[in-house]
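Protein sequence lines correspond, in order, to chains E and R. For what it's worth, the numbering used here labels the leading residue of the first sequence as -5, then goes sequentially. For what it's worth, the numbering used here labels the leading residue of the second sequence as -5, then goes sequentially. Read the structure below first, then the notes.
There are 2 protein chains.
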Amino acid sequence: MRQSQLFTKTRKDAPSDEASKNAQLLIRAGYISKEMAGVYSFLPLGLRTLNKIMSVIRSEMNAIGGTEVLLSSLQDPEIWKKTGRWDDKNVDVWFKGEIAGGGEAGFGWTHEEAITRIASRNVSSYRDLPFSAYQFQNKFRNELRAKSGIMRTREFIMKDMYSFSRDEKEHQEFYNSCAEAYNRIFKRVGIGGETYKTFASGGAFSKYSHEFQTISSAGEDIIYVAKDKKIAINKEVLNEEVLKDLQVSRDELTEEKAIEVGNIFSLGTRFSDALGLRYKDDKGEEGAVVMGCYGIGPARVMGTVAEVLSDDSGLVWPKEIAPFSVHIVSIGEEGSDAFKKALELYDELVGRGLEVLIDDRELRAGEKFADADLIGIPLRVVVSEKSLKGGGYEAKERVGGESRIIKDIHGILSLV
Amino acid sequence: MRQSQLFTKTRKDAPSDEASKNAQLLIRAGYISKEMAGVYSFLPLGLRTLNKIMSVIRSEMNAIGGTEVLLSSLQDPEIWKKTGRWDDKNVDVWFKGEIAGGGEAGFGWTHEEAITRIASRNVSSYRDLPFSAYQFQNKFRNELRAKSGIMRTREFIMKDMYSFSRDEKEHQEFYNSCAEAYNRIFKRVGIGGETYKTFASGGAFSKYSHEFQTISSAGEDIIYVAKDKKIAINKEVLNEEVLKDLQVSRDELTEEKAIEVGNIFSLGTRFSDALGLRYKDDKGEEGAVVMGCYGIGPARVMGTVAEVLSDDSGLVWPKEIAPFSVHIVSIGEEGSDAFKKALELYDELVGRGLEVLIDDRELRAGEKFADADLIGIPLRVVVSEKSLKGGGYEAKERVGGESRIIKDIHGILSLV
């Protein structure tokens, strides 16, 4: 894409009411735009990265057998009354509205009730189980405070997966395979090293649930980590029994602030009991379906990557989720040799299937370099009179790389 | 995909309160699930087709220079008050909610206000124009009645594009290129022959807008069509002046019921004036940006295809938007030669990059054929003892094709 055709601009300052680092950087770099407190729109660069994060998650959910669906936002009170979660006294994040034709609807903040009803319409026999369904869907949560940029918003896309199993053992197998998929996801998006599967409170149907917590000073949670053992415990469940269960001592633990980037939860038969989701086993006997739920918020992941990997110059994207793979910076007026060469290189790389942003704007070199650092594409390639005299293009990784001359396109391809 | 692993089922009957043909068929075939009146969820098959319709639209929007964004659902009352569209007296489809932290928000039913504010944050000079931005985003409309299945719902994904031009001439060029893109879209999804660019009322800033209307008995609109001239006029604007403008006489027109599958609209400077979206031209003089908006609802397109192309046996999908390209129907018990051959063929076709559904369920042949017709994948390939004795696989197009023996995979590839 030509940067001159990107309608968004970088800006020197973020809105004065924006306290979080992730939102400041993402607004300044032109990834997102603030609509209200806790509400952001995604601009072209931001949507590209968000989509790539979703692609990573999708591929891992498909790999463990998940099937994608898309449930409605508008929620039928009927099914929520059956689980006791319609009442505002029990759930304090609802947005609700009157339907013009009569009755009420809620704006979904999660989808256990809806997917359980759908399952009950399709499952009758043990042959219909197990299965898992997931979606990328907008959740609405009427949060009292929204203060962590795109990490805690009143509206956000969530990947929520729900699993349906015949018994506890079958459920546990899927639960574990999903935990492994989550580890792969966080590794692929670039925060695997800082992210811990963390023991958290389990609710009525299991002793523990698991959160995936990324260590960051921007985190809202406190966790205790035994780094050598790769064990982490949420502060809310840290007690002698847990320490004994996990065979760690308090000395091994360090306290860390962390961002919850995902969670997995055993639901037992809470929802299948309430909504009548039952099946007949191979002996004709009825049983309740055992469920689990598995969430990741792609925008929160994006915000976390911005918090954890960015530096003083701007954003830093890992290859797999960068909006583009290569950022060509053309230094030279339109019509100059360098400008022509830059466009040629752009066409060649695009022709090879690469995603390339080319800065073809009429700006000073210094401004272009600063913008390139702010935007954070992994590989910068400068095409200038100087680079051409030096024998080619000047390539530099966004982080840690030295600037050096690359002779031809093959040299660039070897770096992406 | 193996049909035994598709957790949804076909069903004999649609819900008794479901009057529309499109929803009846889509529910029976397992494409959608009804949540409430006017609210549907998309199941795996339905989401596949919905995604394909969106891919067609996306490719055509990109081809005319559109850039994809994703705006928030939650809307800031501030900007809507400036255009006079916040008040329920002026707009009767709002869902609104109180924000827990104080203040109000609306659930977006369209996005002119939001995109105009974003544009005003990024546009200052004539060099920043023209551009166009589009999104696929969930709209909420509190409709009094919801009666046409997935064609008129209280919540629906819409592709809405907005264009920003320096003057009327530049705007008109883009408007025309978008009209052509829409024609290509409706052709690609299979309803080009029945769909007419239709003159409709223009509002304050232009004499006409244009709707894209698909002739169907399920339509809620009345249009007048001169088929030979490829001209159509919405009933609401049919008068002597329009007939004169378009050089058609009443004799040439036939009255038709039609479904509005898209619309394009010149907005003039209504929104840029209200929200201060101005630019400096090359002489340093200020002007207001000229806007247009361009909508298509992918689910409405899906419903329209179901209304227009389906037959007594079920759904009929054109190749480009079918959930799968090939439906293998395996007739024979697990472990039989035919079953093994069916799976081999499945693996081979998938290996070639084809999207294949294989009916590997333990059901009678008649039930499988009925399900295949109901689901409506363009090519059915039966693998049975009989077909193998006949020398291969029995291929049949969903519509109009004769069943015949195809010897090998190359024969199948030539049909998809």
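Glycine is no exception: its CB is placed at the ideal position from the N, C-alpha and C atoms. Computed from a predicted structure; not experimentally measured.
When C-alpha distances from R:A316 are compared across R:Q(-1), R:L0 and R:R42, the shortest belongs to R:R42. By a beta-carbon distance limit of 8 angstroms, R:V63 contacts E:S35. Their separation comes to about 7 angstroms. When C-alpha distances from R:L309 are compared across R:L407, R:I225, R:G24 and R:R244, the shortest belongs to R:G24.
Annotation: R:L237 has no Cβ neighbours in chain E at a cutoff of 7 angstroms; minimum Cβ distance is about 37 angstroms. Here R:E162 is not near R:G213, since their CB atoms are 9 angstroms or more apart.
Residue state for R:R111 is assigned as helix, using DSSP reduced to three classes.
Residue contact with chain E for R:R148: present (Cβ-Cβ distance below 9 angstroms to some residue of chain E). Ranked by Cα distance from R:Y273, the options R:A31, R:R160 and R:M48 are led by R:R160. One thing to note: R:G78 has its Cβ no nearer than 9 angstroms to the Cβ of R:A194. Excluding five sequence positions before and after E:G386, the CB atoms of its chain that fall closer than 8 angstroms to its own CB belong to I399, I400, K401, D402 and G405, given in chain order. Residues of chain E with a Cβ closer than 8 angstroms to the Cβ of R:V63 are, in chain order, S35, F36, L37, P38 and L41.
Around R:F333, the same chain offers S324, G326 and E327 as residues with beta carbons nearer than 7 angstroms, after the five sequence neighbours per side are excluded. Between the C-alpha atoms of E:M152 and E:F130 there is a straight-line separation of about 5 angstroms. Sorting E:I144, E:R148 and E:N132 by C-alpha distance to the C-alpha of E:L138 places E:R148 at the top.
At a cut-off of 9 angstroms, the C-beta of E:Q(-3) has no neighbouring C-beta in chain R. Per DSSP, reduced to three states, the secondary structure at E:M145 is helical.
For R:R115, the chain E residues whose C-beta falls within less than 7 angstroms of its own C-beta are S27, listed in chain order.
Linking R:E92 to E:D215 through their CA atoms gives a straight-line distance of about 27 angstroms.
R:F363: member of the alpha helix (DSSP H) spanning A359 to I369, first to last residue.
Taking the beta carbon of E:A108 as reference, the chain R residues within 8 angstroms of it are E29 and S35, listed in sequence order.
Excluding the 5 residues flanking it on each side, E:K3 has same chain C-beta neighbours closer than 8 angstroms at G24, in chain order. For R:G262, DSSP records a beta bridge to R:M285. Inter-residue distance for R:G256 and R:Q(-1) is about 36 angstroms (C-alpha atoms, whole angstroms). Here R:D154 is bridged, per DSSP, to R:Q129 and R:G289. Closest option to E:N136, judged by alpha-carbon separation, among R:D354, R:W88, R:L68 and R:D367: R:L68.
Taking 9 angstroms as the threshold, the shortest C-beta distance from R:I93 to chain E falls below it.
The Cβ-Cβ distance between R:S378 and R:A359 falls below 9 angstroms. As the crow flies, the alpha-carbon of R:F180 is around 39 angstroms from that of E:R22. Any Cβ of chain R closer than 9 angstroms to the Cβ of E:D11 would place that residue at the interface, and such an atom is absent.
In the three-state scheme derived from DSSP, where H, G and I count as helix and E and B as strand, R:T298 is classed as helix.
Secondary structure of E:F36 (DSSP, three-state): strand.
With its beta carbon less than 9 angstroms from one in chain R, E:I112 belongs to the interface. The Cβ atoms of E:L20 and E:G297 sit closer than 9 angstroms to each other. In the DSSP secondary-structure assignment, E:V377 is bridged to E:S324. Just so you know, the alpha carbons of E:S330 and E:L409 end up roughly 27 angstroms apart.
The alpha carbon of R:G270 has as its nearest neighbour, out of R:S118, R:K46, R:R5 and R:Q18, the alpha carbon of R:S118.
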